[in-house]
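These notes concern the structure reproduced below.
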Amino acid sequence: MPELPEVETIARQIRAVFLEKTIVKVAVNTPRLLKNVSATEFVRRLEGQPLREVTRRGKFLLWQGGTAYPVFHLGMSGNFFRRREQATHPEHIHLEFHFADGQTLFYQDVRKFGKIWLYEEPPKFPELGVEPLSENFSLNNLKKLLNLKNMNMKAFLMDQSNIAGIGNIYANEILFLSRISPFRKTREITEKEAEVFFREIRSVLERAVRNFGTTYSDFRTVEGSDGQNQFFLQVYQKAGEPCPVCGTPIEKAVLNSRSTFYCPKCQR
DNA sequence: TCTGACCTGCGA
DNA sequence: TCGCAGGTCAGA
0 MPELPEVETI ARQIRAVFLE KTIVKVAVNT PRLLKNVSAT EFVRRLEGQP LREVTRRGKF
60 LLWQGGTAYP VFHLGMSGNF FRRREQATHP EHIHLEFHFA DGQTLFYQDV RKFGKIWLYE
120 EPPKFPELGV EPLSENFSLN NLKKLLNLKN MNMKAFLMDQ SNIAGIGNIY ANEILFLSRI
180 SPFRKTREIT EKEAEVFFRE IRSVLERAVR NFGTTYSDFR TVEGSDGQNQ FFLQVYQKAG
240 EPCPVCGTPI EKAVLNSRST FYCPKCQR
């Protein structure tokens, strides 16, 4: 589920409601989701602490709770809800953060692929590539990366050490709008194509953030409403439907063991 | 570089 | 009942 736009939406909504509020009680219902800390320690370090900051790096959600730094990776189905009844599967709520004003933030994860860590200082994520919506992401460094690698374009976009935050939905959409085949090798990309590719990476992700993410099956915002970006998808999950540009049926292939959707005519 | 494993729910 | 799903990681 959650790629950059969905995690960004969650971060913004948690900030809007819970920032500077004190966490009075933490419940860990599924301790095995905690990767570097025991449930007891997680609770001890966060109870009584104010939520100082909520940010995002790639697909990771970062909190500052007093002097501790919880980090969440939502896997395929992780999500946060402000009210239990807004959760799509309340029976799969693994963490509960009860705040001093009486509100609670619930972490739900049906498939339990999510992971949670607790750090004593802000984590650095040396393994992650550039933030595509930051000033550090430039056409020049994208061209350098493309030259450096020798992989297909779909795999390039999905590899978090190149660009952080892009998953299967947005990789498909970016390649379609860039008119680049998912099977092309990074080193074959021309100067002109790289320029379009660079522009579309930003524009696809920015649009999705503006639309509060894509609700394909599970994703809901913290407030329980659907994202709106699914109405803007051009190819993802549209196999057999006409390409919005040329009318050729969209094809589906498995590439790097992920479903890949593309127009065989428009994307070269 | 690729495959299977980790989980559960849902739709065909 | 089976195949598939937005992600990552270990191991071949």
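Read in order, the letters of the first sequence are residues 0 to 267 in this note's numbering.
In this text, a Cβ means the ideal position worked out from N, Cα and C, and glycines have one as well.
Here the structure is a predicted model, which means the values were calculated and not measured.
| Query | Result |
| --- | --- |
| Relative to the C-alpha of E126, which residue among F80, Q159 and P4 is closest? | Q159 |
| Kindly list the residues whose CB is nearer than 8 Å to the CB of V25, restricted to its own chain and excluding five residues on each side of it in sequence; keep chain order. | F41, V42, L45, E46, L94, E95, F96 and H97 |
| For L144 and Y169, which I take to be in contact (beta-carbon distance under 8 Å), what is that distance rounded to the nearest angstrom? | Between Y169 and L144 the Cβ distance is about 17 Å, and since that is not below 8 Å, they are no contact. |
| Going by DSSP, what residues sit across from L94 in a beta bridge? | V27 and Y106 |
| Go through the segment 14-61 residue by residue and report every complete run of the alpha helix (DSSP H) that reaches 4 residues or more, in order. | 38-45 |
| Go to N78, then tell me how far its beta strand (DSSP E) extends in each direction, as first and last residue. | G77 to F80 |
| Just list the residues that DSSP pairs L254 with in beta bridges. | R257 |
| Counting pairs of Cβ atoms below 8 Å between the segment 107-118 and the segment 46-58, do you hit three or more? | no |
| Quick one: is P69 buried, meaning 16 or more other Cβ sit within 10 Å of its Cβ, or exposed? | buried |
| When the Cα atoms are used, what is the spatial distance from K191 to G226? | 33 Å |
| Just checking, does the segment 7-25 make contact with the segment 99-109 on the three C-beta pairs under 8 Å criterion? | yes |
| For the alpha helix (DSSP H) containing Y118, name the first residue and the last one. | Element bounds for Y118: not the alpha helix (DSSP H) but the beta strand (DSSP E), K114 to Y118. |
| So, under 8 Å CB-CB, F155 and T185 are touching, yes? Tell me the CB distance rounded to an integer number of Å. | 5 Å |
| Just to confirm the assignment, what range does the alpha helix (DSSP H) spanning V203 have? | E190 to R209 |
| Which two residues bound the contiguous alpha helix (DSSP H) that contains Y169? | N167 to S177 |
| Below 7 Å between beta carbons: does that hold for I200 and Q266? | no |
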